[in-house]
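S.K.:
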Amino acid sequence: MVKGGKDLDRSAMHLLHRAGQCAADIFSSEARTSGLTPRQFAVLMVVADEEGLTQTDLVERTGIDRSTLADIVARLLGRGLIQRRRAKEDARAYAIKLSPQGAKALRDAQPGAAAADQKLLANLPPAKRQEFLDTLNLIVTAVRK
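Mapping the sequence shown onto my numbering, position 66 (from 1) lands on 120, and the numbers just tick up by one.
1) Quick check on DSSP: helix, strand or coil for F81?
2) If we ignore side chains and look at the alpha-carbon of each, how far apart do S65 and R198 end up?
3) Quick one: which unbroken alpha helix (DSSP H) runs of 4-plus residues sit fully inside the segment 57-143? Chain order, please.
4) Residues bridged to K173 by DSSP?
5) Let me know the secondary structure DSSP gives A149 once reduced to three states.
6) Note the first and the last residue of the continuous alpha helix (DSSP H) segment covering L192.
Given below as C-alpha cells:
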C-alpha cells in the first residue's frame, strides 16, 4: 500500500530531480545578472569549448532533449549570443558558434555559476564533495551508454 511521500526520501529518481531543482534555483540566484538559465549556460559552455557543433551534437553533449535544445538555440540566436551557419558535413544541419556577445555573456556568467557550484557543494562535508561529483558522473556516463 502506498503511503504519503515517505518513500520519496529513498527514491534516487525523485531526489536527483529535487537536487536539480535546488541547483537551478541557486544558479538563478547567483548568476541572475547574466540573464542566462542553467541550460543556456551549459549550451554556451559547450559551444565555447568546441565551435561548429550541430544541434544534434549539442543534444549529445548536454543531455538536453532535442525540442528543448531547439528552443534554447532560438532564444540564444534571438539575443545575439550565438551564430549559426549550414554545416559543411551536412547541409541540412546548422553549425553553432559563439558570437562576441555570447563570449562576453559567458565570461560574465562564469563567476555566478562557480559561486552556485560552491554554494551547492557547501551543503556536503568537504571530504564527500569530490565523491559526490564522481558519483553523478558515473550515473550520467552509465545512462548515456
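All C-beta atoms in this analysis are idealised placements derived from N, C-alpha and C, irrespective of residue type, glycine included.
M.R.: Looking at the atomic coordinates:
1) Locating residue 81 in the sequence shown gives position 27, where the first residue counts as 1. Three-state DSSP puts F81 in a helix.
2) Working through the sequence shown from its first residue, we reach residue 65 at position 11. Working through the sequence shown from its first residue, we reach residue 198 at position 144. Using only the alpha carbons, I get a separation of about 20 Å.
3) The segment 57-143 contains these whole alpha helix (DSSP H) runs: 66-84, 92-103, 109-116 and 120-132.
4) Position 119 of the sequence shown holds residue 173. Residue pairing of K173 in beta bridges, as defined by DSSP: absent, with no partner found.
5) The residue labelled residue 149 in the question sits at position 95 within the sequence shown. In this structure, A149 counts as strand in the three-state DSSP scheme.
6) Here residue 192 refers to the residue found at position 138 when the sequence shown is read from its first residue. P180 to R198 is the span of the alpha helix (DSSP H), which, as asked, contains L192.
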